[in-house]
Amino acid sequence: MLPPGFQLIYDEILSVRLPRMLLIQNRRVGILYRGLQSIAIALAAAYCVETGVWQASRPMEPWSTAILSVGASPSAITNSTASYCASITGLGPCRSLPRDEAFVALNDGIFLPTMENRSWEGSSDACVASATKQQCKDLVPNNIFYNNAGRCSCQRHEQFYVLAAEQERLEIFHGYRTDLKNFGSERIATIFGGTVFDADMVISGDEVRNDNDELLTTFFSPQGTQCSIGGKPEWSRVDASHGITVTLEELLQCAGVSLDMAPWHITNGLRTVETWKTMRDMGLLLELDLAYKSTRFLGLGSRPTVCHVTVMPLPSLTAQHSYSSLLNATVRWTRHARGVTIVTRVTSNYLAFDVVTMVQNLVSVFVIMKVPVAIVQLLTLYCMGSVSAIYRAARQTKLNVFTQLHGFIAKHLLAVAGFRGLV
-11 MLPPGFQLIY DEILSVRLPR MLLIQNRRVG ILYRGLQSIA IALAAAYCVE
39 TGVWQASRPM EPWSTAILSV GASPSAITNS TASYCASITG LGPCRSLPRD
89 EAFVALNDGI FLPTMENRSW EGSSDACVAS ATKQQCKDLV PNNIFYNNAG
139 RCSCQRHEQF YVLAAEQERL EIFHGYRTDL KNFGSERIAT IFGGTVFDAD
189 MVISGDEVRN DNDELLTTFF SPQGTQCSIG GKPEWSRVDA SHGITVTLEE
239 LLQCAGVSLD MAPWHITNGL RTVETWKTMR DMGLLLELDL AYKSTRFLGL
289 GSRPTVCHVT VMPLPSLTAQ HSYSSLLNAT VRWTRHARGV TIVTRVTSNY
339 LAFDVVTMVQ NLVSVFVIMK VPVAIVQLLT LYCMGSVSAI YRAARQTKLN
389 VFTQLHGFIA KHLLAVAGFR GLV
């Protein structure tokens, strides 16, 4: 027999107290409980699959992503016989653009003009001689000549479609970078992946290592249908190392649009863009959404092995402006071009093993599994009328020292009297 103080320590520390279990034999309640348990298990499983219980999500940033123009396709139309060249009266004949005007490089993409508005304006302070008018005609062909109080000016404005804009060839490079911090370590590792190199690269402090793995690139329409780009259903890392060669027409077909389509087709019927008859007039934004994923089982210890590129068409008044003048400042050239802007955007996150995230997700799973017990307990103890009162009485024992003290003393006196009667 231990002393009272040690006995209390033994009871509180060196022992385990388990909760009292109440077994309710009720068929309907049992069926309800098992049904709720099945739903909770399905929700917990879906939560584990969706979040990856052991994986933490890290943001990805674009890295070595570029869209380059490499010229028109060899099969491009070289004369102005295309149907759109005469689709709107008042426009000049279609014409091809020189290479330095056929595209505009952007920070996150490229702009390809489809329609041009150009203005020329020249002026001089000596208009008395006929040579000045001839000079104006030489500088600005097909001009309108003005002579006002000794100062002459010549102006010209023209508007035309760019010939065979759909046949512009592009080379697409894509990649990502992300920063990871391992549990219990202060060192941050930066991971680089993409089509520029033949392997992923990891930089941690002064340590650099490579991870040879595949990175397949596949293109999809907004509806999820796989597209064939450059004659291939998918591009391996080796094939894409020199750029994914694609024409603007292929990207438009993958997105399900064309430059001769009316703008309201992709604005859900909105007619706020009625001024522009076709996408060739208004302009278009093509967004290449890059989603990097892993095809390994449950993504265990694996970096992204595939990149799903979704070509999203978005209505936009995409335009570019440029200005120029000759060295003698007598002629000024203004260019306003509308066309197709192509940009890239990384939409996925990098998933990596993380202890803290795993513990948090497991706690969430345990909470989900406790929900059926709480629901059934609420129904049986408070929502079944007199039956609930019986269940509560069986589950709970009311103890009041002052009300039960008399009965406790009477029982002990009776035990003492019985003992004395026996001896």
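Everything in the sequence shown is counted per the numbering used here, starting at -11 for the first residue and increasing by one.
Glycine residues also receive a C-beta, built at the ideal position from the N, C-alpha and C atoms.
* To do: Look at the Cβ atom of arginine 333, then the Cβ atom of leucine 278, and state whether they are nearer than 8 Å.
  => Translated into the one-based positions of the sequence shown, residue 333 becomes position 345. Translated into the one-based positions of the sequence shown, residue 278 becomes position 290. Yes.
* Asked: Closest by CA to arginine 8, which one among Phe396, Asn388, Thr391, Ala382?
  -> As a working mapping, residue 8 is identified with position 20 in the sequence shown. Here the closest residue by C-alpha is Ala382.
* **Exposed unless 16 or more other CB atoms sit within 10 angstroms - verdict on isoleucine 176** => Locating residue 176 in the sequence shown gives position 188, counting from the first residue. Exposed, since its Cβ has fewer than 16 Cβ neighbours within 10 Å.
* **arginine 291 (DSSP reduced to helix, strand or coil)** => As a position in the sequence shown, residue 291 is number 303, starting the count at 1. In the structure shown, arginine 291 sits in coil (DSSP, three-state: anything other than H, G, I, E or B).
* To do: Please report how far the alpha carbon of aspartate 199 lies from the alpha carbon of serine 192, in whole angstroms.
  => Numbered from its first residue, the sequence shown carries residue 199 at position 211. Numbered from its first residue, the sequence shown carries residue 192 at position 204. Each residue's Cα considered, the two are about 14 Å apart.
* Note down, in chain order, each residue of its chain lying with its Cβ closer than 6 Å to the Cβ of isoleucine 217, except the 5 sequence neighbours on either side. => Reading the sequence shown from its first residue, position 229 is the one you call residue 217. Only Phe207, Val234, Glu238 meet the Cβ criterion.
* **In DSSP terms, what cysteine 215 is bridged to** => Indexing the sequence shown from 1 puts residue 215 at position 227. Answer by DSSP bridge pairing, in chain order: Phe207.
* Rounded to whole angstroms, what's the CA-CA distance from isoleucine 27 to cysteine 242? Just pull it up for me. => As a working mapping, residue 27 is identified with position 39 in the sequence shown. As a working mapping, residue 242 is identified with position 254 in the sequence shown. Roughly 40 Å separates the two Cα atoms.
* Sort out for me which residues DSSP pairs isoleucine 81 with in a bridge. => Numbered from 1 along the sequence shown, position 93 holds the residue referred to as residue 81. Note that residue 81 is proline in the sequence shown here, rather than isoleucine. Answer is none; proline 81 lacks a bridge partner.
* With C-beta atoms as the reference, is leucine 339 less than 8 Å away from glycine 40? -> As a working note, residue 339 is residue 351 in the sequence shown. As a working note, residue 40 is residue 52 in the sequence shown. For leucine 339 and glycine 40, yes; Cβs fall inside 8 Å.
* Helix, strand or coil: which one does DSSP assign to asparagine 105? -> Looking up residue 105 in the sequence shown gives position 117. Strand at asparagine 105.
* **Pairwise C-alpha distance: tyrosine 21 and isoleucine 356** => The sequence position of residue 356 within the sequence shown is 368, counting from 1. The sequence position of residue 21 within the sequence shown is 33, counting from 1. For isoleucine 356 and tyrosine 21, the distance between alpha carbons rounds to 14 Å.
* To do: Compare the beta carbon distance of proline 86 and threonine 166 with 8 Å and say whether it is the shorter of the two.
  => On the sequence shown, residue 86 is found 98 positions in, with the first residue counted as 1. On the sequence shown, residue 166 is found 178 positions in, with the first residue counted as 1. No. Outside cutoff.
* Which runs of the beta strand (DSSP E), 3 residues or longer, sit entirely within the segment 231 to 268? -> 232 to 235
* **Neighbour-count burial assignment, alanine 33, 16 or more Cβ in a 10 Å radius** => Here residue 33 corresponds to residue number 45 of the sequence shown, with the count starting at 1. So alanine 33 counts as exposed.
* Pull up the distance between the alpha-carbon of threonine 391 and that of isoleucine 29, whole angstroms please. => For the purposes of this step, residue 391 is taken as the residue at position 403 of the sequence shown. For the purposes of this step, residue 29 is taken as the residue at position 41 of the sequence shown. Rounded to whole angstroms, threonine 391 to isoleucine 29 spans 46 Å at the Cα level.
* Under 8 Å by Cβ, that's how I've got leucine 203 and glycine 181 pegged, so tell me the actual separation to the nearest angstrom. => As a position in the sequence shown, residue 203 is number 215, starting the count at 1. As a position in the sequence shown, residue 181 is number 193, starting the count at 1. About 7 Å separates the two Cβ atoms, so the contact holds.
* **Under 8 Å between C-beta atoms of leucine 276 and valine 294** => Here residue 276 refers to the residue found at position 288 when the sequence shown is read from its first residue. Here residue 294 refers to the residue found at position 306 when the sequence shown is read from its first residue. Contact: no.
* To do: Kindly give me the distance between the Cβ atoms of valine 328 and leucine 24, rounded to whole angstroms, as I take these residues to be in contact under 8 Å.
  => Taking the first residue of the sequence shown as position 1, residue 328 is located at position 340. Taking the first residue of the sequence shown as position 1, residue 24 is located at position 36. No, valine 328 and leucine 24 are not in contact; Cβ-Cβ is about 54 Å, not under 8 Å.
* Where serine 84 and alanine 54 are concerned, what is the direct C-alpha to C-alpha distance, given to the nearest angstrom? -> Here the question's residue 84 lines up with position 96 in the sequence shown. Here the question's residue 54 lines up with position 66 in the sequence shown. Answer to the nearest angstrom: the Cα atoms are 24 Å apart.
* Asked: According to DSSP, is glycine 163 helix, strand or coil?
  -> Within the sequence shown, residue 163 is the residue found at index 175, counting from 1. In this structure, glycine 163 counts as strand in the three-state DSSP scheme.
* To do: Using alpha carbons as the reference points, say which of Pro210, Phe185, Gln211, Glu195 lies closest to aspartate 201.
  => Position 213 of the sequence shown, counted from the start, is the residue given in the question as residue 201. Residue Phe185 is the option with its Cα nearest to aspartate 201.
* To do: Could you name the residues that DSSP lists as bridge partners for glutamate 275?
  => Locating residue 275 in the sequence shown gives position 287, where the first residue counts as 1. In DSSP, glutamate 275 forms a bridge with Met300, Val331.
* Asked: Distance, Cα to Cα, asparagine 337 vs leucine 168?
  -> As a first step, residue 337 must be located in the sequence shown, where it is residue number 349. As a first step, residue 168 must be located in the sequence shown, where it is residue number 180. Going by the C-alpha atoms only, they are around 12 Å apart.
* Asked: Looking at the unbroken alpha helix (DSSP H) that takes in threonine 345, where does it start and where does it end?
  -> In the sequence shown, residue 345 corresponds to position 357, counting from 1. Looking at the DSSP string, the run of the alpha helix (DSSP H) that includes threonine 345 is 343 to 370.
* Mind checking whether serine 376 and threonine 385 have CB atoms under 8 Å apart? -> Position 388 of the sequence shown holds residue 376. Position 397 of the sequence shown holds residue 385. Contact: no.
* **Between the CA atoms of alanine 187 and glutamate 195 - distance to the nearest angstrom** => Indexing the sequence shown from 1 puts residue 195 at position 207. Indexing the sequence shown from 1 puts residue 187 at position 199. If I take the Cα positions, the gap works out to 16 Å.
* Length of the line joining the Cα atoms of serine 229 and valine 364 -> For the purposes of this step, residue 229 is taken as the residue at position 241 of the sequence shown. For the purposes of this step, residue 364 is taken as the residue at position 376 of the sequence shown. If you take the alpha carbons of serine 229 and valine 364, they lie about 60 Å apart.
* Thinking C-beta only, is arginine 157 closer than 8 Å to glycine 59? -> If you number the sequence shown from 1, residue 59 lands on position 71. If you number the sequence shown from 1, residue 157 lands on position 169. In this structure, arginine 157 lies closer than 8 Å to glycine 59 by Cβ.
* Asked: Near aspartate 342, what residues of its chain come up, given a Cβ to Cβ distance below 8 Å and the 5 sequence neighbours on each side ignored?
  -> As a working note, residue 342 is residue 354 in the sequence shown. Around aspartate 342: Trp42, Gln43, Ala44, Phe171.
* To do: Out of Leu10, Pro292, Gly271, state which residue places its alpha-carbon closest to the alpha-carbon of tyrosine 280.
  => Stepping through the sequence shown from its first residue, residue 280 is reached at position 292. The shortest Cα separation from tyrosine 280 among Leu10, Pro292, Gly271 belongs to Pro292.
* Asked: Quick one: what does DSSP say arginine 8 is sitting in, helix, strand or coil?
  -> Looking up residue 8 in the sequence shown gives position 20. The answer is coil: DSSP assigns arginine 8 none of H, G, I, E or B.
* Report the option in Ala250, Leu273, Arg16, Ser71 whose CA atom is closest to the CA atom of lysine 265. => Locating residue 265 in the sequence shown gives position 277, where the first residue counts as 1. For lysine 265, the nearest C-alpha among the options comes from Ala250.
* Asked: Is serine 45 helix, strand or coil when you go by DSSP?
  -> Here residue 45 refers to the residue found at position 57 of the sequence shown. Three-state DSSP puts serine 45 in a strand.
* **For leucine 56, the first and last residue of its enclosing alpha helix (DSSP H)** => Numbered from its first residue, the sequence shown carries residue 56 at position 68. No alpha helix (DSSP H) holds leucine 56; the beta strand (DSSP E) holding it covers 54 to 60.
* What's the C-alpha gap between leucine 56 and proline 301? -> As a first step, residue 56 must be located in the sequence shown, where it is residue number 68. As a first step, residue 301 must be located in the sequence shown, where it is residue number 313. Distance between the alpha carbons of leucine 56 and proline 301: 19 Å.
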